[in-house]
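In UniProt numbering, the protein residues as written are 1 to 346.
We put the beta carbon where it would ideally sit given N, CA and C, even for glycine.
This report concerns only the one structure given below.
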């Protein structure tokens, strides 16, 4: 892709995100979401492969539908209350329509079907943008409207997302699809706490984005697209494979690592809100996700490929590790000890 074109698209992404997260008026927020959608489409379809074109088409249709619903819910609210302010979404029907629209934009169950397919058809770096940066504006809209949303509906969507995200990821062999189902599962954790402690949703999102960025950049550096390629990647970059193991375990939420922090705080807050059954259910369902993270980690570092493999072993190179991968993985592994400080910040 032409560097000037890429610069325009990336700048438009930043612009759209900034407009949405800083606006008070629904029409401005909708404009930012539209700019974001139009800017990411060329990045998805830049390879001109039929799968990439299909992914871009699916993404466009879903996002256009969701944006229409956002506009419809805000207009309905303005019709009844005379308010266009994002924080003044008080009409129950408007709240329900908005929840459906944002769930569609984020890929929460039952509006999740597009996300794995779009991620599978996109390049790895575009997949990283779709999993992190593109989810930030919708989450900020949920954050701003959280007092008006329906707790029962959000809790149901959250538990279904964690269940289906873990369950459907079990049988995947493509790394991008595994990361897509991982994203759906993490969004469930963010959605369940949104009404009770909105700042915790944002903290969870920041930590999730950091860990996901570390995994995607590592996979991109190792040029890994599926599990069989991951099995032979250890010969090319043993240090990266070891780092990937730790980052994946952090993403799974195992205790000594950063990923345990948001899960711990969310379970604690749910228990305080007399939602112990929901906390138990969501914790047990996250074990499904742990299985496929362990599967990825096992393929990356522990297993040796069979001698009949179709993939040639890669030559080991002395190319230094990208500094951004080093910084992100360090943060993804070692932030748990400063959790009291993070808890006081939020």
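One question on the structure: do residue i and residue j come within less than 9 Å of each other, judged by their Cβ atoms?
i: residue 33; j: residue 99; result: no
i: residue 109; j: residue 165; result: yes
i: residue 247; j: residue 333; result: yes
i: residue 127; j: residue 168; result: no
i: residue 331; j: residue 297; result: no
i: residue 244; j: residue 176; result: no
i: residue 120; j: residue 56; result: no
i: residue 286; j: residue 185; result: yes
Using the rule of at least 16 other Cβ atoms within 10 Å of the residue's Cβ for burial, across every protein chain shown, is residue i buried or exposed?
i: residue 82; result: exposed
i: residue 5; result: exposed
i: residue 268; result: exposed
i: residue 102; result: buried
i: residue 59; result: buried
i: residue 199; result: exposed
i: residue 223; result: exposed
i: residue 111; result: buried
i: residue 255; result: exposed
i: residue 105; result: buried
i: residue 80; result: exposed
i: residue 272; result: exposed
i: residue 116; result: buried
i: residue 276; result: exposed
i: residue 68; result: exposed
Work out the CA separation of residue j and residue i for me, nearest whole Å.
i: residue 2; j: residue 40; result: 15 Å
i: residue 31; j: residue 174; result: 34 Å
i: residue 10; j: residue 319; result: 27 Å
i: residue 94; j: residue 238; result: 52 Å
i: residue 270; j: residue 72; result: 32 Å
i: residue 62; j: residue 114; result: 7 Å
i: residue 266; j: residue 203; result: 10 Å
i: residue 140; j: residue 78; result: 20 Å
i: residue 346; j: residue 339; result: 11 Å
i: residue 29; j: residue 74; result: 10 Å
i: residue 146; j: residue 46; result: 37 Å
i: residue 160; j: residue 107; result: 12 Å
i: residue 124; j: residue 217; result: 8 Å
i: residue 324; j: residue 76; result: 45 Å
i: residue 288; j: residue 163; result: 8 Å
Can you give the beta carbon distance from residue i to residue j, rounded, assuming they're within the 8 Å contact cut?
i: residue 85; j: residue 171; result: About 45 Å; that fails the 8 Å criterion.
i: residue 213; j: residue 188; result: The pair is not a contact, with the Cβ atoms about 20 Å apart (cut-off 8 Å).
i: residue 234; j: residue 300; result: 7 Å
i: residue 303; j: residue 231; result: 6 Å
i: residue 328; j: residue 190; result: Contact doesn't hold; Cβ gap of about 20 Å is too wide.
i: residue 258; j: residue 207; result: 6 Å
i: residue 137; j: residue 17; result: 5 Å
i: residue 201; j: residue 143; result: 6 Å
Quick one: does residue i have its CB under 9 Å from some CB of chain C?
i: residue 77; result: You won't find chain C in this structure, because it holds only one protein chain.
I'd like to confirm the pairing. Which residues does DSSP put opposite residue i in its beta bridges?
i: residue 274; result: Bridge partners of residue 274: none, in fact.
i: residue 25; result: 85
i: residue 174; result: 226
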